[in-house]
Amino acid sequence: MVRLLQIEFIKLWNNRASKVLIVSYFVLLCSIALVAAVKFDIGPIQFHLAEQGIFNFPYIWHFNSFITAFFKLFLAIVIVSMMANEYSNKTIKQNLIDGLSKKEFILSKFLTVISFALISTVFVFVVSLILGLFYSDFNEIGIIFSGLEFLLAFFVKLVGFFSFCLFLGILVKRSAFALGFLILWQIFESFIRGIIRWRFFDGETTDMIMGFFPLNAMWNLIKEPFTRLSAVQTAVNQMGEEIVLNYNVHWYEILIVLTWTAVFIYGSYALLKKRDL
Amino acid sequence: MSIILTVNHLTKKFGYLTAVKDLSFTIEKGNVYGILGPNGSGKSTTLGIVLNVVNKTQGDFSWFDGTTTTHQALKKVGAIIERPNFYPYMTAIQNLKLVCKIKEVSESKIEEKLELVGLLDRKNSKFRTYSLGMKQRLAIASALLNDPEILILDEPTNGLDPQGIHQIREIIKKIASQGTTILLASHLLDEVEKVCSHVIILRKGEKLYSGRVDGLLASHGFFELKTNDLEHLKIYLEKHASFGQVKLENGCITAFLKEEMNAGELNKTLFDQGITLSHLVKRKESLEEQFLTLTKNKSN
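Protein sequences appear in the order of chains A and B. Note that the UniProt record's numbering has the first sequence beginning at 1, numbered continuously upward. Note that the UniProt record's numbering has the second sequence beginning at 1, numbered continuously upward.
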């Protein structure tokens with residue numbers, strides 16, 4: 001397993017474009033801390049974002065994992081191109097001839113995906129922990145480490161998304177087209193949602209059905225955290241409305257994403273096995 | 001003699017096209033094999049199948065008498081298929097280190113093999129800066145990293161200039177002299193003739209011949225003769241029991257032997273008959289001629 005990771009590391013780290021993207025991704029993950037610096041001081045109105053409770057434990061786990069998940073697009077480019085380049089350089093053929101089995105080849109890519117997701121999760125954990133310790137109003141150990149299921153959801157979300165990218169890379173064999181396909185798929189899912197909502201079911205049923213589509217399932221893992229802020233809720237309550245949202249991470253949502261991950265990885269393997277190179 | 005590769009009734013179909021048809025052969029240790037055949041005769045497909053990058057339709061093959069899996073066996077094989085494939089953004093050394101990781105061998109041989117193919121002074125240049133000849137030589141170095149039991153080369157001199165072709169051939173000869181089994185696919189007959197002891201001849205995916213190069217046609221060679229009275233000579237030879245076909249072309253008689261006879265013996269016999277020769281050469285058919293005869297015979 002270490003050997004497979006080393007192989008992939010040599011391939012990625014010697015590629016300048018990948019290296020730049022990976023480094024900037026992790027820098028961006030840290031940059032979430034910059035939110036803390038958002039501060040308006042206009043005469044009587046003083047606004048300090050960090051003081052608004054977004055860095056309170058356990059809310060911070062939710063907020064940070066939601067925001068940082070957007071940066072995954074950077075790594076998506078790396079992953080798609082690391083797969084597609086093997087085809088365009090024909091190095092996949094050489095790798096197999098040199099004695100890497102097809103299973104090992106896919107496994108080495110999947111392990112890389114897992115590593116990326118794992119390192120990202122650890123990063124988000126550390127950055128959030130530090131931010132929280134600085135700004136949170138509650139600092140009891142029990143509260144700090146509650147709500148960590150958002151980090152698990154974050155990890156699963158990244159693994160699922162990257163596996164999807166991997167699969168597209170193998171399927172399409174060209175990085176630009178694979179990324180295009182990813183966007184196309186996103187549009188396709190929205191389109192399907194529109195059709196179902198318009199023709200067949202009410203909002204709730206539509207949401208349930210859409211929960212089975214890969215990108216939607218990944219999105220569902222971590223719900224938007226903004227309406228959970230007490231400031232926002234107060235404002236809404238004053239307008240006489242009430243927001244009823246279930247923010248929790250549900251086990252079946254994780255299961256759906258994990259199933260998709262398995263489908264994508266097995267699909268990549270099956271494609272590779274079936275194809276003549 | 002130990003068997004390195006056995007191929008049994010291998011068939012590969014690409015849709016309606018049959019690229020390899022019921023092919024069987026064995027590769028034994030220590031020989032240099034050539035796979036011959038015109039373009040599109042299934043050479044690369046056959047190699048692709050035994051190297052696990054092309055899926056077979058029927059039949060089977062086994063490495064090292066079936067004692068290991070194909071995946072493990074490939075670590076003891078060095079192979080170059082068509083164009084050299086490496087990561088363009090990595091240097092020669094980095095690429096070879098990666099191959100070492102894949103083959104699970106130590107990195108200690110990298111310098112030695114680069115030296116062998118004459119790339120040591122360019123070891124830190126990126127692969128994309130290499131010329132085609134250098135790329136091909138790097139591929140050979142990479143294939144040799146594990147000191148393979150067998151080296152498989154598919155058209156190793158394709159697209160190279162004469163100097164590059166010469167360099168590659170010298171390297172192949174050097175490797176062959178060290179006792180490594182070599183399997184060389186090529187459509188260049190003189191290339192195979194120069195380095196191979198055994199040949200497998202394919203045409204449209206079918207095997208026409210496999211065995212020793214000199215046993216390709218059970219022929220005893222032929223004489224090229226010139227004399228003043230060609231007609232007289234021709235009539236004499238046609239009556240002679242040792243000769244088969246006798247041809248008169250461009251003032252030169254070509255007489256094919258049916259049994260072994262040396263040139264001195266013929267010269268003496270003819271002189272006794274009152275025929276003095278001005279030109280006498282005994283030759284074996286070149287591989288090219290044998291190949292053409294063979295492919296022609298089979299197509300009739």
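C-beta atoms are modelled at their ideal positions from N, C-alpha and C, and glycine is treated no differently.
From this set, the options, which residue's C-alpha is nearest residue i's C-alpha?
{"i": "B/G37", "options": "B/I200, B/D190 and B/L233", "result": "B/I200"}
{"i": "A/K93", "options": "B/V54, B/L257, B/S41 and B/K13", "result": "B/V54"}
{"i": "A/V78", "options": "A/S31, A/K274, A/D207 and A/S24", "result": "A/S24"}
{"i": "A/K274", "options": "A/V156, A/L171 and A/G99", "result": "A/L171"}
{"i": "A/F150", "options": "A/K72, A/R197 and A/S65", "result": "A/S65"}
{"i": "B/K282", "options": "B/R169, B/Y89, B/Q167 and B/L257", "result": "B/L257"}
{"i": "B/H198", "options": "B/L292, B/L183 and B/L114", "result": "B/L183"}
{"i": "B/Y130", "options": "B/C252, B/A92 and B/A141", "result": "B/A92"}
{"i": "B/G274", "options": "B/S108, B/N228, B/K13 and B/I110", "result": "B/N228"}
{"i": "A/F181", "options": "A/N246, A/L215 and A/F125", "result": "A/L215"}
{"i": "B/E170", "options": "B/N146, B/E155 and B/V195", "result": "B/V195"}
{"i": "A/K102", "options": "A/L12, A/F116 and A/Y269", "result": "A/Y269"}
{"i": "A/A76", "options": "A/P58, A/L118, A/L168 and A/N15", "result": "A/L168"}
With 9 Å set as the bound, which would you pick, yes or no: does the beta-carbon of residue i sit closer than that to a beta-carbon of chain A?
{"i": "B/V20", "result": "no"}
{"i": "B/E104", "result": "yes"}
{"i": "B/R83", "result": "yes"}
{"i": "B/S131", "result": "no"}
{"i": "B/M90", "result": "yes"}
{"i": "B/V99", "result": "yes"}
{"i": "B/N52", "result": "yes"}
{"i": "B/S108", "result": "no"}
{"i": "B/K174", "result": "no"}
{"i": "B/L17", "result": "no"}
{"i": "B/A141", "result": "no"}
{"i": "B/K75", "result": "yes"}
{"i": "B/F25", "result": "no"}
{"i": "B/F14", "result": "yes"}
{"i": "B/N124", "result": "no"}
{"i": "B/N39", "result": "no"}
Note down the Cα distance separating residue i from residue j, rounded to an integer number of angstroms.
{"i": "A/G160", "j": "A/I192", "result": "21 Å"}
{"i": "A/V27", "j": "B/I172", "result": "50 Å"}
{"i": "A/V113", "j": "B/Q136", "result": "33 Å"}
{"i": "A/E204", "j": "A/E224", "result": "17 Å"}
{"i": "A/K109", "j": "B/N95", "result": "18 Å"}
{"i": "A/R174", "j": "B/G42", "result": "28 Å"}
{"i": "A/L184", "j": "B/T45", "result": "36 Å"}
{"i": "B/S186", "j": "B/V117", "result": "21 Å"}
{"i": "A/V2", "j": "B/V105", "result": "15 Å"}
{"i": "B/D272", "j": "B/I4", "result": "54 Å"}
{"i": "residue 346 of chain B", "j": "B/E259", "result": "Outside the shown range of chain B, which is 1 to 300, sits residue 346 of chain B, and nothing can be said about it."}
{"i": "A/F55", "j": "A/L29", "result": "16 Å"}
{"i": "B/L280", "j": "B/G164", "result": "37 Å"}
{"i": "B/V213", "j": "B/E193", "result": "8 Å"}
{"i": "A/A153", "j": "A/M208", "result": "18 Å"}
{"i": "B/H232", "j": "B/L144", "result": "59 Å"}
{"i": "B/D22", "j": "A/C165", "result": "40 Å"}
{"i": "B/L211", "j": "B/G34", "result": "The amino acid at residue 211 of chain B is misidentified as Leu; the sequence shows Gly. Going by the C-alpha atoms only, they are around 10 Å apart."}
Look up residue i in the DSSP assignment and give the residues it is bridged to.
{"i": "B/T11", "result": "B/Q58"}
{"i": "B/R212", "result": "B/H198"}
{"i": "B/S186", "result": "B/L36"}
{"i": "A/D98", "result": "Note: A/D98 sits in no beta bridge, so no partner."}
{"i": "B/E206", "result": "B/R203"}
{"i": "residue 318 of chain A", "result": "In the structure as shown, chain A begins at 1 and stops at 277. Residue 318 of chain A is therefore absent and cannot be evaluated."}
Indicate whether at least one CB of chain B lies closer than 9 Å to the CB of residue i.
{"i": "A/R174", "result": "no"}
{"i": "A/I10", "result": "yes"}
{"i": "A/L171", "result": "no"}
{"i": "A/K109", "result": "no"}
{"i": "A/L96", "result": "yes"}
{"i": "A/I7", "result": "yes"}
{"i": "A/G99", "result": "yes"}
{"i": "A/L21", "result": "no"}
{"i": "A/L277", "result": "yes"}
{"i": "A/T91", "result": "yes"}
{"i": "A/K157", "result": "no"}
{"i": "A/N14", "result": "yes"}
{"i": "A/K102", "result": "yes"}
{"i": "A/R199", "result": "no"}
*Three CB pairs or more closer than 8 Å across the segment 27-44 of chain B and the segment 257-269 of chain A*: no
*Does the count of Cβ pairs from the segment 4-15 of chain B and the segment 160-167 of chain B closer than 8 Å reach three?*
no
*Contact between the segment 174-189 of chain B and the segment 128-147 of chain A: three or more CB pairs below 8 Å?*
no
*Determine, using beta-carbon pairs with one atom in the segment 49-67 of chain B and one in the segment 204-219 of chain B, whether at least three such pairs fall under 8 Å.*
no
*If you pair each beta-carbon of the segment 140-153 of chain B with each one of the segment 76-87 of chain B, do three or more pairs fall below 8 Å?*
yes
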